[in-house]
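Chemist: In the numbering used here, the protein residues as written are 287 to 1233.
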């Protein structure tokens, strides 16, 4: 055998990948098994258990139970081989002549690895002291390891390692604070938040070493025979980077264009402006549907105003040579017009005129997008095209982050103003400045598109795929809560929640965008993974559905730069490409609305509850575009922008983490009148959080719920996690600011108008029901069990079908009767029944079979909202006017909860004067007379109190 022929060649990158995969899977597998098999056991600590604690620490997950402990230790043992090779390769790649730092790093790494084995194999259950000694040693040794490794790293990974190390050590601050809160102050829930930071340390630690995958991609270990004898071997290292080879090849290449006077996205300021331009595009585009929704909402059907959706077809104007010349020569002016109309619409009080302003803004926004794509595509610069696509995706991410910070409202939407938390004026000023000063490239130093690459000339395929891509982003990624609420299944919590897991969704978006720019070559594999992820998201609830959703999210984010590169190939015919794209996106959007609005739209039954068709169609069209792509072009010039764009991504990652940390609910909810064992319950149909004048109503809803001292409240018509409603979650702000637990109810993939439950009492269990609805809209219900002062009390929130669907309502009343009759515990029904008191279906709800009583049978003015109860002592009933928030009042009932084991079956219609009631059982006096903020007792001008 010739010594020149290697016996074995190993790409060192595989070692780094193996180390990352084994170490990650060890923790992931243990977490999944622990969460699935021993959830309540692993979240319990020395002071509290579920529901006060809901997230397990690392040590309890990996060391306390079988089989997760065994699985973890087996996988972490497999990590040891790649780990020691990693240390060896690091020493070689980081070696610097006349420097002791590589040796110190090697020694530190070896000792640190042994200490890792100490806390992994000696768990806190085995020996708490030695576990902590090894754990602390590991963390202490991480400091010199991270510092030296970062200092010696190549330019391609130094920035990434630096910010990962910053993230690791910054996380120690909340870690220590939360540990003190738990250990010293014994604050309920603090250990779960501590666990979040502990898991974050694991992620950052693995990520720090994972950057070696980049360092090692051109580093090979070759094993050769020594002296032509197979019995003796020597090591030979062949290190020649791909970049070196490409640069050598480029010396004889004629592909370079002489350097011009400008570069695209070459400065932090230009990147920031392009991201903000994209942010404004998404803010305007999403607000269009939200403003449209106001009109069919009040008309209870097609209103005619929906026609403004065709404003997205505005690229058709570019078919006119005059418009095209204006747009291509003055793209900043087109962008300015989109900001003036779209963002400035908040200054228009009239809903109709405001809608038209937004539609004009949307029209100019799509002309601007089409113009940008045409101008960037005409440069034939792959780096310009991909970086533009990346900043477009980062603008979407920034939009999602802003909604994460503002409780799922975009602060520059025209449904917000200064009174409702909007930042419209700031958004308008920033948008105008960025629109005016941002630049679009015309020519600069770049690699031309290689002529040997086959270009797909089917612009229809590209147009349809890009339209599906825009729809998918609009439907699923414009808010970090969407895929979480797709997997929401009630209490006990068996999956992610919007806070803090929304930050994880955003992080996956950022990672997908990064890898789509950095290395788009495995796009076919990623496409297959994305398809599988979408199927899992649609099919499964809880954590597994969410994991599928994250794969789907990664694919959509990864696809951004690739879609724009494919789109730019047709820059000469961009108007017709974008027209078809917007038509496809609009059709999918209408289908997305039809699946739930089928009772109010023409041809609705064809798409009734067919989210599978809508999701499947969008996935198919985008996947077809991705799989039709022949080959991705190499372009080393993109690397020049990676560091700057990467810094923006890291900043967004940190920002989302800070927002999640800031939105944690640290305080345990407490009822208003615990001494009297009083519960005040309310039912309110909130009309999707848009008031009579098309302003967001969460602020005023929150204030009324607080002033009425509601301990529990059912919210109906509350599912706004849809395109047409802005992908909002009305429960988040109210629950967080009033310190309440929240059950969103059936998720947006369950095709209802929504039913939600907010509670000051712990929700021990909740089941979501879809009651029989063979003809009309689906009737959602929540059947929850709450811990009220130690007594288990059932609460049912229910929205019946429409008046026109008589048989639906009859079947629903029978099903709800069974649900209410299935429990002997005290129960409260907070409902929308669509019936006359004492007649028809009323006698099914209030019956011996259900065991329920009407809170006030003498109130004959009701048609929709009812409060029923059993085995509780009723003490009061009131109806509070809605003001201009919605079209339905707030009904409120007061009850005294019996002690555990007691049952209060007394029932009396005798009304007593308010003066006879204890003060803490009375309704707030602010609602007498004219009331406050247009809220007053009405129908009967004072509350009713009962013996």
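For each residue, glycine too, the CB sits at the ideal point set by N, CA and C.
Distance, Cα to Cα, residue 1054 vs residue 1075?
Modeler: Reading the chain shown from its first residue, position 768 is the one you call residue 1054. Reading the chain shown from its first residue, position 789 is the one you call residue 1075. Their backbone Cα atoms lie some 24 Å apart in a straight line.
Chemist: Rounded to a whole number of angstroms, what is the C-alpha to C-alpha distance between residue 451 and residue 870?
Modeler: Numbered from its first residue, the chain shown carries residue 451 at position 165. Numbered from its first residue, the chain shown carries residue 870 at position 584. Approximately 44 Å between the Cα atoms of the pair.
Chemist: Applying the criterion that 16 or more other CB atoms from any shown protein chain within 10 Å of the CB defines a buried residue, is residue 340 buried or exposed?
Modeler: Looking up residue 340 in the chain shown gives position 54. Classification of residue 340: buried, given that the 10 Å Cβ count is 16 or more.
Chemist: Classify residue 484 as helix, strand or coil using the three-state DSSP reduction.
Modeler: Residue mapping note: residue 484 aligns to position 198 of the chain shown, counting from 1. Residue 484 falls in the helix class under three-state DSSP.
Chemist: Using the Cβ count rule (16 or more neighbours within 10 Å means buried), how would you classify residue 443?
Modeler: Translated into the one-based positions of the chain shown, residue 443 becomes position 157. By the neighbour-count rule (16 or more Cβ atoms within 10 Å), residue 443 is buried.
Chemist: Where in the segment 661-740 do unbroken runs of the alpha helix (DSSP H), each at least 4 residues long, occur, reported from the N-terminal end onward?
Modeler: 668-691, 710-723
Chemist: Expressed to the nearest angstrom, what Euclidean distance is found between the alpha-carbon atoms of residue 1105 and residue 1084?
Modeler: As a working mapping, residue 1105 is identified with position 819 in the chain shown. As a working mapping, residue 1084 is identified with position 798 in the chain shown. C-alpha separation (whole angstroms): 11 Å.
Chemist: In its own chain, which residues sit with a C-beta less than 7 Å from the C-beta of residue 319, not counting the 5 before and 5 after it?
Modeler: On the chain shown, position 33 is the one that residue 319 refers to. The answer, listed in chain order, is 353, 354, 357.
Chemist: Kindly indicate the opening and closing residues of the alpha helix (DSSP H) around residue 862.
Modeler: Numbered from 1 along the chain shown, position 576 holds the residue referred to as residue 862. Start and end: 860-883.
Chemist: In whole angstroms, what is the alpha-carbon distance linking residue 681 and residue 580?
Modeler: As a working mapping, residue 681 is identified with position 395 in the chain shown. As a working mapping, residue 580 is identified with position 294 in the chain shown. Computed Cα separation, rounded: 26 Å.
Chemist: What would DSSP say about residue 779, mapped onto helix, strand or coil?
Modeler: Numbered from its first residue, the chain shown carries residue 779 at position 493. Coil at residue 779, not helix or strand.
Chemist: At the level of alpha carbons, what is the spacing between residue 325 and residue 678?
Modeler: Within the chain shown, residue 325 is the residue found at index 39, counting from 1. Within the chain shown, residue 678 is the residue found at index 392, counting from 1. In a straight line, the C-alpha of residue 325 is about 40 Å away from that of residue 678.
Chemist: Going by alpha carbons, who is nearest to residue 370 out of 691, 390, 396, 388?
Modeler: Within the chain shown, numbered from 1, the residue matching residue 370 stands at position 84. Among 691, 390, 396, 388, the Cα nearest to that of residue 370 is on 396.
Chemist: At the level of alpha carbons, what is the spacing between residue 548 and residue 727?
Modeler: Within the chain shown, the letter at position 262 stands for residue 548. Within the chain shown, the letter at position 441 stands for residue 727. Reliability of the predicted coordinates at residue 548 is poor, the pLDDT of 40 falling under 50, and no value is obtained from them.
Chemist: Rounded to the nearest angstrom, how far is the Cβ of residue 243 from that of residue 839, given a contact under 8 Å?
Modeler: A question about residue 243 goes unanswered here, because the residues of the chain that appear run from 287 up to 1233.
Chemist: With a Cβ-Cβ cutoff of 8 Å, do residue 372 and residue 495 count as a contact?
Modeler: Within the chain shown, numbered from 1, the residue matching residue 372 stands at position 86. Within the chain shown, numbered from 1, the residue matching residue 495 stands at position 209. Yes, they are a contact pair.
Chemist: Given a cut-off of 8 Å, decide if residue 969 and residue 1116 are closer than it, judged by their beta-carbon atoms.
Modeler: Along the chain shown, read from residue 1 onward, the residue named residue 1116 stands at position 830. Along the chain shown, read from residue 1 onward, the residue named residue 969 stands at position 683. Yes, Cβ-Cβ distance for residue 1116 and residue 969 is below 8 Å.
Chemist: Could you pull out every residue in the same chain whose Cβ sits closer than 7 Å to the Cβ of residue 640, ignoring the five residues on either side in sequence?
Modeler: Reading the chain shown from its first residue, position 354 is the one you call residue 640. Sequence-distant partners of residue 640 (beyond 5 residues in either direction) whose C-beta falls short of 7 Å from its own C-beta, in its chain, are 577, 631, 634, 700, 980.
Chemist: So, with DSSP's three-state summary, where would you put residue 339?
Modeler: Within the chain shown, the letter at position 53 stands for residue 339. Coil, per DSSP.
Chemist: My parser needs the beta strand (DSSP E) runs of 3 or more residues fully inside the segment 1168-1196; what are they?
Modeler: 1176-1182
Chemist: Out of 967, 861, 488, 1148, which has the shortest C-alpha to C-alpha gap to residue 607?
Modeler: Stepping through the chain shown from its first residue, residue 607 is reached at position 321. Among 967, 861, 488, 1148, the Cα nearest to that of residue 607 belongs to 861.
Chemist: If you draw a straight line from the alpha carbon of residue 1230 to that of residue 907, how long is it in whole angstroms?
Modeler: Position 944 of the chain shown, counting from 1, holds the residue named residue 1230. Position 621 of the chain shown, counting from 1, holds the residue named residue 907. If I take the Cα positions, the gap works out to 59 Å.
Chemist: Rounded to whole angstroms, what's the CA-CA distance from residue 316 to residue 827? Just pull it up for me.
Modeler: Working through the chain shown from its first residue, we reach residue 316 at position 30. Working through the chain shown from its first residue, we reach residue 827 at position 541. One C-alpha to the other measures close to 20 Å.
Chemist: Nearest to residue 1080 by CA position, among 1091, 1157, 1147, is which residue?
Modeler: For the purposes of this step, residue 1080 is taken as the residue at position 794 of the chain shown. Taking only the C-alpha atoms, the option nearest residue 1080 is 1157.
Chemist: So, helix, strand or coil for residue 432, using DSSP?
Modeler: Along the chain shown, read from residue 1 onward, the residue named residue 432 stands at position 146. Three-state result, residue 432: helix.
Chemist: Please confirm whether residue 1166 and residue 994 have their CB atoms less than 8 Å apart.
Modeler: If you number the chain shown from 1, residue 1166 lands on position 880. If you number the chain shown from 1, residue 994 lands on position 708. Yes, the Cβ-Cβ distance between residue 1166 and residue 994 is below 8 Å.
Chemist: Quick one: give me the first and last residue of the beta strand (DSSP E) that residue 1151 is part of.
Modeler: Position 865 of the chain shown, counting from 1, holds the residue named residue 1151. It spans 1151-1156 - the beta strand (DSSP E) in which residue 1151 sits, taken as one unbroken run.
Chemist: Can you look up residue 1209 in the DSSP assignment and give me helix, strand or coil?
Modeler: Here residue 1209 corresponds to residue number 923 of the chain shown, with the count starting at 1. In the structure shown, residue 1209 sits in coil (DSSP, three-state: anything other than H, G, I, E or B).
Chemist: Rounding to the nearest angstrom, what Cα-Cα distance links residue 769 and residue 1129 in this structure?
Modeler: By one-based count along the chain shown, residue 769 stands at place 483. By one-based count along the chain shown, residue 1129 stands at place 843. Using only the alpha carbons, I get a separation of about 40 Å.
Chemist: Do residue 672 and residue 508 come within 8 Å of each other at the CB atom, strictly closer than that value?
Modeler: Against the chain shown, residue 508 aligns to sequence position 222. Against the chain shown, residue 672 aligns to sequence position 386. Taking 8 Å as the cut-off, the Cβ atoms of residue 508 and residue 672 do not count as close.
Chemist: Drop a sphere of 10 angstroms on the beta-carbon of residue 1059, count the other beta-carbons inside from all chains shown, and report buried for 16 or more, exposed for fewer.
Modeler: Here residue 1059 is taken as the residue at index 773 of the chain shown, counted from 1. Residue 1059 is buried by the Cβ-count criterion.
Chemist: Pick from 1028, 600, 1064: whose alpha carbon is nearest that of residue 258?
Modeler: One cannot answer for residue 258 here, as it falls past the ends of the chain, which runs 287 to 1233.
Chemist: In chain order, what residues of the same chain have a beta carbon less than 6 Å from the beta carbon of residue 1048, not counting five sequence neighbours either side?
Modeler: Within the chain shown, the letter at position 762 stands for residue 1048. Cβ neighbours of residue 1048 beyond the five flanking positions: 337, 1073.
Chemist: Once you ignore the five residues that flank residue 421 on each side, which residues in its own chain have a CB closer than 7 Å to its CB?
Modeler: Here residue 421 refers to the residue found at position 135 when the chain shown is read from its first residue. Cβ neighbours of residue 421 beyond the five flanking positions: 405.
Chemist: On the DSSP bridge list, what partners appear for residue 1035?
Modeler: Sequence index remark: in the chain shown, residue 1035 carries index 749 (1-based). Answer is none; residue 1035 lacks a bridge partner.
Chemist: So, are the CB atoms of residue 817 and residue 602 less than 8 Å apart?
Modeler: Indexing the chain shown from 1 puts residue 817 at position 531. Indexing the chain shown from 1 puts residue 602 at position 316. Not in contact: residue 817 and residue 602 (Cβ atoms no closer than 8 Å).
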